[in-house]
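Each residue of the sequence shown is one higher than the one before, starting from 88 at the first, in this note's numbering.
Step one of this worksheet: look at the structure below.
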Amino acid sequence: MKKQPPLLVSQSSEGFHIALGGHWVKESVVVLEKAFATLTCNPQSTYIFNASRIETFDTHGILLLLYRIQELEKKHCVVRIEGTNPSFEELLNVCKEHYPHEIPPQKKELALFTFLENVGKEMVAGYKTLASFFSFTGELSHAISALFLKPANIRLKATLYHIEQSGAGAIPIILLTSFLIGIVIAYQGAAQLEKFGANIFIVEMITISAVRELAPLLTAIVVAGRSASSYTAQIGVMKLTDEIDAMSSMGFSPWNFLVLPRLFALIISLPLLVFFADVVSIFGGMVIASTRLDVSFVEFIDRIQETVALKHLMIGLIKAPIFGCIIATIGCFRGFQIDSNTESVGKYTTISVVNAIFWVIAMDAIISVILTELKL
Numbered sequence: 088m089k090k091q092p093p094l095l096v097s098q099s100s101e102g103f104h105i106a107l108g109g110h111w112v113k114e115s116v117v118v119l120e121k122a123f124a125t126l127t128c129n130p131q132s133t134y135i136f137n138a139s140r141i142e143t144f145d146t147h148g149i150l151l152l153l154y155r156i157q158e159l160e161k162k163h164c165v166v167r168i169e170g171t172n173p174s175f176e177e178l179l180n181v182c183k184e185h186y187p188h189e190i191p192p193q194k195k196e197l198a199l200f201t202f203l204e205n206v207g208k209e210m211v212a213g214y215k216t217l218a219s220f221f222s223f224t225g226e227l228s229h230a231i232s233a234l235f236l237k238p239a240n241i242r243l244k245a246t247l248y249h250i251e252q253s254g255a256g257a258i259p260i261i262l263l264t265s266f267l268i269g270i271v272i273a274y275q276g277a278a279q280l281e282k283f284g285a286n287i288f289i290v291e292m293i294t295i296s297a298v299r300e301l302a303p304l305l306t307a308i309v310v311a312g313r314s315a316s317s318y319t320a321q322i323g324v325m326k327l328t329d330e331i332d333a334m335s336s337m338g339f340s341p342w343n344f345l346v347l348p349r350l351f352a353l354i355i356s357l358p359l360l361v362f363f364a365d366v367v368s369i370f371g372g373m374v375i376a377s378t379r380l381d382v383s384f385v386e387f388i389d390r391i392q393e394t395v396a397l398k399h400l401m402i403g404l405i406k407a408p409i410f411g412c413i414i415a416t417i418g419c420f421r422g423f424q425i426d427s428n429t430e431s432v433g434k435y436t437t438i439s440v441v442n443a444i445f446w447v448i449a450m451d452a453i454i455s456v457i458l459t460e461l462k463l
């Protein structure tokens with residue numbers, strides 16, 4: 088029996104007729120490729136493929152046929168397939184559905200449009216975060232009000248534990264930073280005051296700047312770096328491990344167990360840390376005043392009693408619980424924002440520290456402006 092050729096080309100008024108025959112399977116792909124290579128392609132012509140004489144076929148043969156059809160269509164040719172049986176038609180449709188299509192090149196977008204799109208996305212994300220924060224602070228206010236109506240629900244042991252961790256644990260680093268700040272202020276002030284023979288004014292410079300601004304601010308920044316990150320990571324890990332959901336399902340309030348003890352701990356411990364920082368920073372200034380400007384410790388202390396008003400110390404101590412409330416609220420809020428993946432723990436811990444430090448500095452500036460306008 089004579090072997091049937093894979094392609095038999097004829098031409099009529101309708102166009103080119105290609106009769107497909109033989110075996111269109113994986114083993115015949117090389118032969119079929121050679122047969123198609125002999126097929127001339129006239130742009131904008133009509134090609135009619137007749138599959139009635141195909142004996143066997145599989146996906147390899149049909150995909151090769153689809154590839155050649157696509158090549159013809161790229162040259163604006165009209166292509167039709169005729170004489171297909173149901174099996175061939177079914178497999179042809181499957182191959183067409185899953186045939187890889189060329190990905191069109193992406194259009195280059197204008198830098199301005201990209202910038203505006205990114206700005207819009209950031210604004211929407213900021214709006215959602217702000218709405219979540221207001222919702223969080225509203226629930227926190229409700230939890231505090233409910234706790235004051237039932238003081239027996241205050242978790243004293245948990246609060247004392249966080250005072251120890253956030254307050255007592257920060258004493259060494261605050262001791263070092265406050266002492267160095269006192270030394271820096273005294274050194275810089277001494278270099279200027281010596282020129283005018285006004286050595287004794289170093290007392291007011293060190294004391295007022297330390298107790299009113301620098302000691303509360305730097306103490307809050309140190310605590311924000313330690314405690315805000317710690318609160319976010321602790322609550323976030325509990326959320327990842329479903330401990331918060333388990334706590335809620337057992338009837339325990341996450342606010343009473345997780346948020347309020349941390350909030351009260353910082354509100355109580357930060358004023359104590361600020362007072363400690365005041366003493367240490369003044370002592371550091373006294374050391375430099377004694378060695379550089381010949382102002383003895385006794386003269387330094389007497390000058391403080393005579394010229395420095397108590398309001399400067401009180402202003403610094405009043406700022407402290409406000410800073411503590413900001414740090415604890417932001418740290419806990421970011422902890423509850425952590426998603427169901429470990430990558431978000433690091434992300435929101437970093438955001439928590441940055442936000443806490445920023446809002447501490449911003450609040451300090453706002454308080455300073457208000458007190459200046461009130462002439463305090």
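For glycine and all other residues, C-beta sits at the position ideal for the given N, C-alpha and C.
Computed from a prediction, not measured in an experiment: that's the story for all the values here.
Give a yes or no on whether 8 Å exceeds the smallest Cβ distance from residue 141 to chain D. Annotation note: the requested chain D is absent from the structure, which comprises a single protein chain.
Report the partner residues of residue 155 according to the DSSP bridge assignment. None; residue 155 has no bridge partner.
Length of the line joining the Cα atoms of residue 200 and residue 153: In a straight line, the C-alpha of residue 200 is about 40 Å away from that of residue 153.
Tell me which same chain residues have a C-beta within less than 6 Å of the C-beta of residue 388, skipping the five on either side of it? So the list is empty, once near-sequence residues are dropped.
If you draw a straight line from the alpha carbon of residue 368 to that of residue 228, how long is it in whole angstroms? Distance between the alpha carbons of residue 368 and residue 228: 35 Å.
Can you tell me where the beta strand (DSSP E) with residue 468 in it begins and where it stops? Outside the shown range of the chain, which is 88 to 463, sits residue 468, and nothing can be said about it.
Neighbour-count burial assignment, residue 318, 16 or more Cβ in a 10 Å radius: Counting Cβ neighbours within 10 Å, residue 318 comes out buried, since at least 16 surround it.
Residue 354: beta carbon under 7 Å from a heavy atom of the ligand GDP? By its list of ligands, the structure shown contains no ligand whatsoever, and the ligand GDP lies outside what it can speak to.
Where residue 294 falls, given that 16 or more other Cβ within 10 Å makes a residue buried: Around the beta-carbon of residue 294, 16 or more other beta-carbon atoms lie within 10 Å, marking it buried.
Separation of residue 315 from residue 444, as counted between CA atoms: So the two alpha carbons sit approximately 9 Å from each other.
Run the CB neighbour count on residue 399, radius 10 Å, all protein chains shown included, and call it buried at 16 or more, exposed below. Classification for residue 399: buried.
In chain order, which continuous runs of the alpha helix (DSSP H) of length 4 or greater are located wholly inside the segment 197-260? For the segment 197-260, whole alpha helix (DSSP H) runs of length 4 or above, ordered along the chain, are 198-236 and 243-253.
Out of 462, 424, 266 and 446, state which residue places its alpha-carbon closest to the alpha-carbon of residue 212. In terms of Cα proximity to residue 212, the closest of 462, 424, 266 and 446 is 424.
Going by DSSP, what residues sit across from residue 98 in a beta bridge? Partner(s): 103.
Taking DSSP's pairing of strands, which residues face residue 141 in a bridge? Note: residue 141 sits in a beta bridge opposite 109.
With residue 171 and residue 138 assumed to form a contact (beta carbons below 8 Å), what rounded beta-carbon distance in angstroms separates them? Their Cβ separation, rounded to whole angstroms, is 5 Å, which keeps residue 171 and residue 138 in contact under 8 Å.
If we ignore side chains and look at the alpha-carbon of each, how far apart do residue 290 and residue 310 end up? Rounded to the nearest whole angstrom, the CA to CA distance from residue 290 to residue 310 is 27 Å.
My understanding is that residue 377 touches residue 370, with C-beta atoms under 8 Å, so please give their C-beta distance in whole angstroms. Cβ-Cβ separation between residue 377 and residue 370: approximately 11 Å, too far for a contact (criterion under 8 Å).
Rounded to whole angstroms, what is the Cα-Cα separation between residue 257 and residue 353? One C-alpha to the other measures close to 11 Å.
Evaluate residue 214 with the Cβ neighbour count: other Cβ atoms within 10 Å of its Cβ, from every protein chain shown; 16 or more gives buried, anything less gives exposed. Result: exposed.
Uninterrupted alpha helix (DSSP H) stretches inside the segment 409-459 (no shorter than 4 residues): Fully enclosed alpha helix (DSSP H) runs of 4 or longer: not present.
Pairwise C-alpha distance: residue 428 and residue 350: The alpha-carbon atoms of residue 350 and residue 428 are separated by roughly 26 Å.
Specify whether the segment 261-273 and the segment 326-346 touch according to this definition: at least 3 beta carbon pairs, one from each stretch, less than 8 Å apart. No, the segment 261-273 does not touch the segment 326-346.
Residue 235: which of 270, 343 and 133 sits nearest, CA to CA? For the residues 270, 343 and 133, the minimum Cα distance to residue 235 belongs to 343.
Residue 378 in three-state terms, based on DSSP: Assignment of residue 378 by DSSP, reduced to helix, strand and coil, places it in the helix class.
Among 163, 112, 462 and 414, the one whose alpha carbon lies nearest that of residue 346: If we check each option's Cα against that of residue 346, 414 comes out closest.
Distance check for residue 403 and residue 306, CA to CA, integer angstroms please. Each residue's alpha carbon lies about 11 Å from the other.
To the nearest angstrom, how far is it from the Cα of residue 255 to the Cα of residue 208? The alpha-carbon separation between residue 255 and residue 208 amounts to approximately 42 Å.
Rounded straight-line distance, which links the Cα of residue 271 to that of residue 313: Note on geometry: alpha-carbon atoms of residue 313 and residue 271 lie some 24 Å from one another.
Measure how close the beta-carbons of residue 102 and residue 133 come, nearest whole angstrom, since I'm counting them as under 8 Å. Indeed they touch by this definition, with Cβ atoms about 3 Å apart.
Per DSSP, residue 133 is paired with what? In DSSP, residue 133 forms a bridge with 165.
Shortest alpha-carbon distance to residue 106 belongs to which of 239, 114 and 119? Answer by Cα proximity: 119.
Assign residue 385 to one of three DSSP states: helix, strand, or coil. In the structure shown, residue 385 sits in a helix (DSSP, three-state: H, G or I).
Can the beta-carbon of residue 297 be found closer than 8 Å to that of residue 372? Cβ distance < 8 Å, so residue 297 and residue 372 count as in contact.
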